[in-house]
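In our numbering, the protein residues as written are 1 to 400.
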């Protein structure tokens, strides 16, 4: 399993833009076919990719599907193989994985190539013992683009009917002592501010788009953000602070040309996270109205402000006492001898696409809390081993 994980990490499937996906699909197909699974690789049509991710032109997307057994019930195990860019601050090569102090280090070790390796290791162990489903079938899917919303990964797979399982487990890094029964939603926006460019020595001839942007951001921070503390969900959250909606302003900023130029354009992003019960359309309208009201004095001065919605998804969850949740919890008890927590993830997950279609789905996989997306990302070997034990127990409970 560790060797497979190292091979997976060594393929730098960085998203954006979506590099080396074909190489990864080939590696996974080779592994699955060697286990005797019926395997296929589906290329997402280029026009679908370009519709959702115009910046990904020339970077094809592939979905890897595998199956063992026939009929129902169908238990589906999923993982995404794309990773975020490594960024700065690494003490190790992010794509030359190493094992140190009981950990595997490398970009994607926790999020979530460790989960993929554990799923395949669980199947490998069962197959090598001569196991086949006594009832129903096991399906695996390894998909791209979770890190950019999953539109051309799990969502496309389900929209096109490439799978229709009875149960689904996504092997994202909940850690093996916790089952994520849902995830918060999100509304993503860009605020575009247009002023008038001029020479820096004659600012009175221009309209400074940066200054206007700062005014709008200030009103969001001091006028809109405090309102969110008044809203709360009573559902069990992964972190109690995530029981309230949150907003992150300025994750992306674009604009300006040169020190001695009055900037005529600036853009900043908004990441508004939704708690269960909030409607994405209502949140979108609320934010848009607040921004345009805040911009009214700027419009009178000649500025132009546009609000663009770039992503929108509701919070999704299934009840903590759902029979499938209980079955996963029983597998954890059997394999590890502990009672897992059942919480809602603070972030967004591909699991929502299964849940939105009424498919009982949870997230459960190996990881290190707080390690995802950071320099020197790692996954503990113990977490990998625990996940394999639980996946084996779960598969046997459902499929015999």
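Idealized CB from N, CA, C, for every residue including glycine.
Beta-bridge partners of residue 316 (DSSP): 183.
Take residue 269, set aside five residues on each side of it, and the residues of its chain with a beta-carbon closer than 6 Å to its own are 190, 251, 252, in chain order. It is roughly 36 Å from the alpha-carbon of residue 60 to the alpha-carbon of residue 342. Annotation for residue 351: the continuous alpha helix (DSSP H) segment containing it runs 351-356.
Contact annotation: the stretch 58-72 does not touch the stretch 89-97, with fewer than three C-beta pairs closer than 8 Å. Where residue 78 is concerned, the enclosing beta strand (DSSP E) starts and stops at 74-80. In this structure residue 172 touches residue 115 by the C-beta definition: roughly 6 Å separates them, less than 8 Å. Remark: C-beta atoms of residue 161 and residue 351 do not approach each other more closely than 9 Å. With 16 or more other CB atoms across the displayed protein chains lying within 10 angstroms of its CB, residue 103 is buried. Around the beta carbon of residue 365, a 10 Å sphere encloses 16 or more other beta carbons of the protein chains shown; the residue is thus reported as buried.
The stretch 6-25 and the stretch 138-154 touch, with three or more beta-carbon pairs separated by less than 8 Å.
Secondary structure note for residue 107: it is in no alpha helix (DSSP H), with a DSSP letter that is neither H nor E. Taking a cut-off of 8 Å for Cβ pairs, the stretch 192-206 and the stretch 311-319 do not touch, as fewer than three such pairs fall below it. Inclusion of residue 217 and residue 195 in the CB contact set at 9 Å is not warranted, their separation being larger than that value. DSSP, read as helix, strand or coil, puts residue 250 in strand. In summary, residue 368 is buried, with 16 or more beta-carbon neighbours lying within 10 Å of its beta-carbon over all protein chains present. Shortest Cα-Cα distance from residue 332 to any of 349, 254, 363 involves 363.
If you draw a straight line from the Cα of residue 170 to the Cα of residue 13, it comes to about 19 Å. In the structure shown, residue 39 falls within a strand segment according to DSSP collapsed to helix, strand and coil.
Taking residue 150 as the centre and dropping the five residues before and after it, the same chain places the C-beta of 350 closer than 6 Å to its C-beta, in chain order. Within the same chain, 193, 195, 298, 303 come within 7 Å of residue 212 by CB-CB distance, once the 5 residues on both sides are set aside. In the structure shown, residue 143 adopts extended strand secondary structure according to DSSP, grouped into three states.
In terms of Cα proximity to residue 348, the closest of 53, 111, 90 is 111.
Rounded to whole angstroms, the separation of the alpha carbons of residue 105 and residue 359 is 34 Å.
Under the DSSP definition of a beta bridge, residue 201 lacks any partner. The beta carbon of residue 107 sits closer than 7 Å to the beta carbons of 9, 83, 86, 94, 95, 377 from its chain, once the five residues preceding and following it are set aside; these are given in chain order.
By the neighbour-count definition (other C-beta atoms within 10 Å, threshold 16), residue 272 is a buried residue. Taken atom to atom, the span from the alpha-carbon of residue 54 to that of residue 128 is near 44 Å.
Under the DSSP assignment, residue 380 falls in the beta strand (DSSP E) whose first and last residues are 378-380. Here residue 372 carries a coil assignment [DSSP, helix/strand/coil]. Counted as a single uninterrupted DSSP element, the beta strand (DSSP E) harbouring residue 363 occupies residues 361-363. Note on geometry: alpha-carbon atoms of residue 296 and residue 72 lie some 58 Å from one another. If only uninterrupted beta strand (DSSP E) runs of at least 3 residues are considered, those enclosed by the stretch 252-286 are 265-274. With contacts defined as CB atoms closer than 9 Å, residue 123 and residue 344 fail to qualify as a contacting pair. Following the DSSP letters along the chain, one finds residue 227 in no alpha helix (DSSP H), marked with neither H nor E.
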